[in-house]
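Student:
In UniProt numbering, the protein residues as written are 1 to 181.
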């Protein structure tokens with residue numbers, strides 16, 4: 001199963017990107033996790049450009065999403081919301097529906113004690129609008145992330161590893177269930 005891992009952070013040494021590397025490392029052999037190209041390459045959303053011939057970067061982004069069996073997002077929280085660059089990337093797929101019915105996993109992490117819970121709330125609302133398949137086991141909020149994963153994606157906390165494994169197993173089941181329906 002092809003899983004596209006999308007980081008909402010552009011920061012070098014991002015904990016959210018590190019969590020995606022960790023997911024890739026601990027995933028079952030049946031999951032082929034690939035990190036998406038950085039989303040800052042996607043131009044600012046403009047409805048006038050959202051036509052049958054959108055910008056090349058948008059075509060590439062949509063293709064990455066379409067070819068995946070599932071998507072795993074990991075995002076920090078900026079001002080109680082998801083980063084603008086991630087929201088922009090998602091705005092480009094509202095009309096083209098690449099995520100419609102697609103299994104999705106969601107990780108939100110922050111160095112603080114809140115675990116990016118406000119961003120998670122906003123993100124879940126957006127994913128609902130995009131009509132993805134998601135369940136509670138596929139949604140993680142990780143507070144104090146800097147104590148739980150290093151920049152290379154090595155998990156330093158047993159509970160975090162356990163929760164991430166549960167998320168990946170649940171995402172795999174969602175994909176299997178989608179193929180049966």
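Just so it is clear, CB atoms sit at the ideal spot from N, CA and C, and this is done for glycine as well. Here the structure is a predicted model, which is why all the values come from computation and not from measurement.
Out of 11, 50, 100 and 53, state which residue places its alpha-carbon closest to the alpha-carbon of residue 130.
Tutor: On the chain shown, residue 130 is found 130 positions in, with the first residue counted as 1. Among 11, 50, 100 and 53, the Cα nearest to that of residue 130 belongs to 100.
Student: What residues are listed by DSSP as bridge partners for residue 105?
Tutor: Your numbering for residue 105 matches position 105 in the chain shown. Beta-bridge pairing links residue 105 to 72.
Student: Between the alpha carbons of residue 28 and residue 48, how many angstroms are there, rounded?
Tutor: Indexing the chain shown from 1 puts residue 28 at position 28. Indexing the chain shown from 1 puts residue 48 at position 48. The straight-line gap from Cα to Cα measures roughly 42 Å.
Student: Quick check on residue 42: does DSSP put it in helix, strand or coil?
Tutor: Counting from 1 along the chain shown, the entry for residue 42 is found at position 42. In the structure shown, residue 42 sits in coil (DSSP, three-state: anything other than H, G, I, E or B).
Student: Pairing CB atoms from the stretch 116-128 with CB atoms from the stretch 158-176, are three or more of them under 8 Å?
Tutor: Touching, no.
Student: For residue 118, name the three-state secondary structure that DSSP assigns.
Tutor: The sequence position of residue 118 within the chain shown is 118, counting from 1. In this structure, residue 118 counts as helix in the three-state DSSP scheme.
Student: Measure the CB-CB distance between residue 141 and residue 74 and report whether it falls below 8 Å.
Tutor: The residue labelled residue 141 in the question sits at position 141 within the chain shown. The residue labelled residue 74 in the question sits at position 74 within the chain shown. Not a contact, by the Cβ cut-off of 8 Å.
Student: Does the stretch 165-175 come within contact of the stretch 58-73, defined as at least 3 CB pairs closer than 8 Å?
Tutor: Cβ pair count under 8 Å is three or more, so yes.
Student: Alpha helix (DSSP H) containing residue 171: first to last residue?
Tutor: Here the question's residue 171 lines up with position 171 in the chain shown. Looking at the DSSP string, the run of the alpha helix (DSSP H) that includes residue 171 is 158-180.
Student: Evaluate contact between the stretch 33-41 and the stretch 80-92, counting only Cβ atoms and requiring at least three cross-stretch pairs below 8 Å.
Tutor: Judged by Cβ distances under 8 Å, the stretch 33-41 makes contact with the stretch 80-92, as three or more pairs qualify.
Student: For the pair the stretch 131-140 and the stretch 89-106, tell me if three or more CB-CB distances fall below 8 Å.
Tutor: Output reads yes: the stretch 89-106 touches the stretch 131-140.
Student: What does DSSP give as the partner residue(s) for residue 33 in the beta ladder?
Tutor: Walking along the chain shown from the start, residue 33 turns up at place 33. BP columns for residue 33 point to 3.
Student: Apply the 10 Å Cβ neighbour rule to residue 166 and answer buried if 16 or more other Cβ atoms are within range, or exposed otherwise.
Tutor: As a working mapping, residue 166 is identified with position 166 in the chain shown. Classification of residue 166: exposed, given that the 10 Å Cβ count is below 16.
Student: Provide the residue(s) that pair with residue 133 in DSSP beta bridges, ordered along the chain.
Tutor: Here residue 133 is taken as the residue at index 133 of the chain shown, counted from 1. DSSP output for residue 133 lists 103 as bridge partner(s).
Student: According to DSSP, is residue 79 helix, strand or coil?
Tutor: Counted from its first residue, the chain shown places residue 79 at position 79. Residue 79: coil per DSSP, three-state reduction.
Student: Expressed to the nearest angstrom, what Euclidean distance is found between the alpha-carbon atoms of residue 11 and residue 108?
Tutor: By 1-based counting over the chain shown, the position of residue 11 is 11. By 1-based counting over the chain shown, the position of residue 108 is 108. Each residue's Cα considered, the two are about 15 Å apart.
Student: Quick one: residues in its chain with C-beta nearer than 6 Å to the C-beta of residue 80, no 5 flanking neighbours on either side, listed in chain order?
Tutor: Walking along the chain shown from the start, residue 80 turns up at place 80. 118.
Student: Run through DSSP, which three-state label would residue 65 get?
Tutor: The residue given as residue 65 occupies position 65 in the chain shown. Three-state DSSP puts residue 65 in a helix.
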